[in-house]
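In the working numbering, the protein residues as written are 964 to 1733.
Right under this line is the structure:
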């Protein structure tokens, strides 16, 4: 009788739960329909709103476009003789007009008009296309003026006219009246826009979306931030109420079944032991007995829990901009790795992820660090798949292939032998910035889970090679030299390239954490000497070099000359944009200024961003870019690959482009056909990390570069008319990194000297031998 009543009670309990589940399903379906209708209404309203604002902007832009056309038509018909009296010719706002017989080689105040780098750039543009785009020189200064420049017939020189900005200001004020509210700005530039003039309240720039329209024939665009707000749907209260009802009903169902399963983990400081069960026995004499006996979980104090899992002091300096990295022994150890694993496993579960791929490079400390890391992750209650010693891209691949969406690599990357660290992916996002700091704060605040995860091992190398072969095919075999610098890439690269049909000539492909031949960092030209010699001596088609964990690629052509990764990016961009017109291509602040020219010409959108593999990957996801790369050799493909930085895959794509060249050119001829410039490799100035920060703060504040476009998204990049220079704090090693590029060697040296002078004014004792 007892069993019958008990079964009846269980049946009624389950029946009521099923009824609630049915109601939830009906409500969820209704909620989904309501959300769809709500989204449709919002999209319709947003489309109407955008159309209205675009029409406002077009109306405002029409007046400025008319003014530019008047200027251009007047200027086209102007001769050298008319420069003697520009006012009589119709330039009522003219400051000056004159003729240059040749283009000045450097800025000067001795000419008929002030000559800046911008002036020189306009004259060079006039040389190429007959008439230069209109621009404001010395913007936002009392000497600001509008410059028009054109090349005279019969090589008679270059005519220039400078105008005051008064007419332009009046026209902008007039056009703003057609809008009546918001903020309207005239901006100059390409990617980093400088506001020249504006009307309205600038507060709308912070709270409203921007609408822009280019002004043809000038380096200008009109930007508009409307005062109107994007319309919001009135359906959200009903949706919120429906969501609350679903939540309450779901809680009732969960509460009914909560006693039937123990929790896998809990917050550290209150860890329950597994619930113990006593088997129910049939009672012959019908004496009632309890079906289940529960043993209460003993409370664990927060202090006791913290002492058990965090007995080490972790220095905040190891939490870098886009990974965790430090010196083995003093900053990183097995106990520290164990706590880092606990925090990473906790963060993964906080983001509703329960499985993590773990791999490691070939450094001497990496195996023991990996074991400690795995121990910590498992202690958080998160499962681990250990794929052993593999290049970093294979960990990223495994997280996609095995659908764990999380991965951690124990690697010191390209850093010196005494370093090691972690690269972390959680929920398909490479951690950087605040997310990296979040790991540190989670440890400091003891917000850590305690549980028991499961460990398994897997071999991913063959699966990776097979997947690459499905994507990349070489139409003809190539003779390829490979230098892995005794890094972990040596386990995979020769096997991969052989599978693609290449004749592979290996150099330092045995993994040795002592790095006995040279350091595995292809960004340093000295580390490329051996592969260059191998290619020349054996008459190979191309040479490839990899860094310590296989996510950076270095290349030499058939003559052993180094091809820097930004030039690789030009080749890849031109190829991808044939199939994906209009796509965004991302490159870092250290890359060539020629990239924008190549990308734009091929029909793409060029975008510069800060250096750092995790930062670039985040920007790729944000802008749905098909390709990205940085000077250090990280290259990301998202057209037919996974969007992570993968030097092995990039090498395969490069070989395929060379093999498939319709003219059967070699690497030397292919890269020789690209736009050329004079540039330096990345230059490192050793400096303490804290001192780097102080230096860059002062440099940004005090450095003066007249008539140049200064970009501060990552350090200071100064674009002159003839080239550019960069100084920034390294995020991987203590020191400043610099790079320079120009059209001629003379221009390159001049830009370097300007930087040296400005840097020594901030810190006179710097050793600047470049």
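Where a beta carbon is used, it is the ideal one built from N, C-alpha and C, also for glycine. Because the structure is a prediction, the values reported are computed rather than measured.
Which whole runs of the alpha helix (DSSP H) in the region 1351 to 1388 are 4 residues long or more, in chain order? Fully enclosed alpha helix (DSSP H) runs of no fewer than 4 residues occupy 1355 to 1364 of the region 1351 to 1388, in order along the chain.
Taking the straight line between their C-alpha atoms, what separation do you get for residue 1264 and residue 1405? Taking the first residue of the chain shown as 1, we reach residue 1264 at position 301. Taking the first residue of the chain shown as 1, we reach residue 1405 at position 442. With a pLDDT of only 31 at residue 1264, under the threshold of 50, the placement of this residue in the model should not be trusted; the figure read from the coordinates follows. Looking at the backbone, the Cα of residue 1264 and that of residue 1405 are separated by about 18 Å.
Starting from residue 1605 and walking both ways along the alpha helix (DSSP H), at which residues does that stretch end? In the chain shown, residue 1605 corresponds to position 642, counting from 1. No alpha helix (DSSP H) holds residue 1605; DSSP gives it neither H nor E.
When DSSP labels each residue in this structure, what does residue 1157 get in the three-state scheme? Translated into positions along the chain shown, residue 1157 becomes position 194. Residue 1157 falls in the strand class under three-state DSSP.
For residue 1349, which of helix, strand or coil comes out of DSSP? Taking the first residue of the chain shown as position 1, residue 1349 is located at position 386. Note: residue 1349 maps to strand in three-state DSSP.
Determine the burial state of residue 1572: buried for a count of at least 16 other Cβ atoms within 10 Å of its Cβ, exposed for fewer. Position 609 of the chain shown, counted from the start, is the residue given in the question as residue 1572. With 16 or more Cβ atoms within 10 Å of its Cβ, residue 1572 is classed as buried.
Kindly indicate which three-state DSSP category residue 1284 falls into: helix, strand or coil? On the chain shown, position 321 is the one that residue 1284 refers to. Coil at residue 1284, not helix or strand.
Going by beta carbon distance, what residues of the same chain come within less than 8 Å of residue 1030, once the five residues before and after it are set aside? Walking along the chain shown from the start, residue 1030 turns up at place 67. For residue 1030, where only same-chain residues beyond five positions count, the Cβ hits under 8 Å are 1130, 1131, 1134.
So who's on the other strand from residue 1680, going by DSSP bridges? One-based indexing of the chain shown puts residue 1680 at position 717. Partner(s): 1674, 1689.
Where residue 988 falls, given that 16 or more other Cβ within 10 Å makes a residue buried: As a working note, residue 988 is residue 25 in the chain shown. Flag for residue 988 reads exposed.
Since residue 1580 is in the alpha helix (DSSP H), which residue starts that stretch and which ends it? For this step, residue 1580 is matched to residue 617 along the chain shown. Here the alpha helix (DSSP H) through residue 1580 covers 1576 to 1586.
Using the three-state DSSP reduction, which class does residue 1655 fall into: helix, strand or coil? As a first step, residue 1655 must be located in the chain shown, where it is residue number 692. Helix, per DSSP.
Local Cβ density within 10 Å of residue 1576, reported as buried at 16 or more and exposed below that: Position 613 of the chain shown, counted from the first residue, corresponds to residue 1576. Around the Cβ of residue 1576, a 10 Å sphere holds 16 or more other Cβ atoms; the residue is buried.
From the DSSP output, in three-state form, read off residue 1076 for me. Along the chain shown, read from residue 1 onward, the residue named residue 1076 stands at position 113. In the structure shown, residue 1076 sits in coil (DSSP, three-state: anything other than H, G, I, E or B).
Integer Cβ distance of residue 1693 from residue 1647, believed to fall under 8 Å: Numbered from 1 along the chain shown, position 730 holds the residue referred to as residue 1693. Numbered from 1 along the chain shown, position 684 holds the residue referred to as residue 1647. Between residue 1647 and residue 1693 the Cβ distance is about 7 Å, and since that is below 8 Å, they are a contact.
Specify the secondary structure class of residue 1058 as computed by DSSP and reduced to three states. Against the chain shown, residue 1058 aligns to sequence position 95. If DSSP states are grouped into helix, strand and coil, residue 1058 belongs with the strands.
Residue of 991, 1612, 1468, 1691 minimising C-alpha distance to residue 1515: Position 552 of the chain shown holds residue 1515. Residue 1612 is the option with its Cα nearest to residue 1515.
Integer-rounded CB distance, given that residue 1731 should sit under 8 Å from residue 1719: Along the chain shown, read from residue 1 onward, the residue named residue 1719 stands at position 756. Along the chain shown, read from residue 1 onward, the residue named residue 1731 stands at position 768. Residue 1719 to residue 1731, Cβ: 5 Å. Contact.
Under DSSP, the beta strand (DSSP E) around residue 1420 begins and ends at which residues? Residue mapping note: residue 1420 aligns to position 457 of the chain shown, counting from 1. 1418 to 1420 is the extent of the beta strand (DSSP E) around residue 1420.
Limits of the beta strand (DSSP E) - the one that residue 1702 falls within: Within the chain shown, residue 1702 is the residue found at index 739, counting from 1. Residues 1698 to 1705.
State the Cα-Cα distance for the pair residue 1369 and residue 1305, rounded to the nearest angstrom. Counting from one through the chain shown, the residue named residue 1369 turns up at place 406. Counting from one through the chain shown, the residue named residue 1305 turns up at place 342. Taking the straight line from one Cα to the other gives about 14 Å.
Roughly how many angstroms lie between the CA atoms of residue 1260 and residue 1407, to the nearest whole one? Indexing the chain shown from 1 puts residue 1260 at position 297. Indexing the chain shown from 1 puts residue 1407 at position 444. Low confidence applies to residue 1260: its pLDDT is 30, below 50, so where it sits in the model is not reliable enough to give any reading.
Considering residue 1434, what are the terminal residues of the alpha helix (DSSP H) in which it resides? As a position in the chain shown, residue 1434 is number 471, starting the count at 1. Counting along the chain, the alpha helix (DSSP H) containing residue 1434 begins and ends at 1424 to 1434.
Residue 1238 to residue 1300, Cα distance in whole Å? Here residue 1238 refers to the residue found at position 275 of the chain shown. Here residue 1300 refers to the residue found at position 337 of the chain shown. Confidence at residue 1238 is low in this model, with a pLDDT of 30, below 50, so its placement is unreliable and no value can be given for it.
Is residue 1633 buried or exposed, if buried means 16 or more other CB atoms sit within 10 Å of its CB? Indexing the chain shown from 1 puts residue 1633 at position 670. It is buried - the Cβ of residue 1633 has at least 16 other Cβ atoms within 10 Å.
Within the same chain, show all residues whose beta-carbon is closer than 6 Å to that of residue 1733, passing over the 5 residues directly before and after it, in chain order. Within the chain shown, numbered from 1, the residue matching residue 1733 stands at position 770. Cβ within range, chain order: 1646.
Residue 1181, enclosing alpha helix (DSSP H) - first and last residue: Against the chain shown, residue 1181 aligns to sequence position 218. From DSSP, residue 1181 is part of no alpha helix (DSSP H); its letter is neither H nor E.
DSSP three-state assignment for residue 1468, whether helix, strand or coil: The sequence position of residue 1468 within the chain shown is 505, counting from 1. In the structure shown, residue 1468 adopts extended strand secondary structure according to DSSP, grouped into three states.
Same chain, Cβ closer than 8 Å to residue 1028, neighbours up to 5 away in sequence not counted: As a position in the chain shown, residue 1028 is number 65, starting the count at 1. Here the set comprises 1178, 1179.
Just to confirm the assignment: which complete alpha helix (DSSP H) runs, minimum length 4, are found wholly within the region 1610 to 1635? Counting only unbroken stretches of 4 or more residues, the alpha helix (DSSP H) elements lying wholly within the region 1610 to 1635 are 1610 to 1622, 1630 to 1635, in sequence order.
Consider the Cβ of residue 1401: report whether some Cβ of chain C lies at a distance smaller than 7 Å. Reference to chain C is not applicable here, since this structure consists of a single protein chain.
Which value, in whole angstroms, describes the spacing of the CA atoms of residue 1797 and residue 1474? This structure leaves residue 1797 out entirely; the chain is present only between 964 and 1733.
Let me know the secondary structure DSSP gives residue 1100 once reduced to three states. Along the chain shown, one-based indexing puts residue 1100 at 137. DSSP places residue 1100 in strand when its eight states are reduced to three.
Taking the alpha carbon of residue 1142 as the point to measure from, which residue in 1125, 1622, 1019 has its own alpha carbon closest? As a working note, residue 1142 is residue 179 in the chain shown. Closest by alpha carbon: 1019.
With C-beta atoms as the reference, is residue 1452 less than 7 Å away from residue 1350? Counted from its first residue, the chain shown places residue 1452 at position 489. Counted from its first residue, the chain shown places residue 1350 at position 387. Not in contact: residue 1452 and residue 1350 (Cβ atoms no closer than 7 Å).
Would you call residue 1118 buried or exposed, if buried means 16 or more other Cβ atoms sit within 10 Å of its Cβ? By 1-based counting over the chain shown, the position of residue 1118 is 155. Counting of Cβ neighbours within 10 angstroms places residue 1118 among the exposed residues, the total staying below 16.
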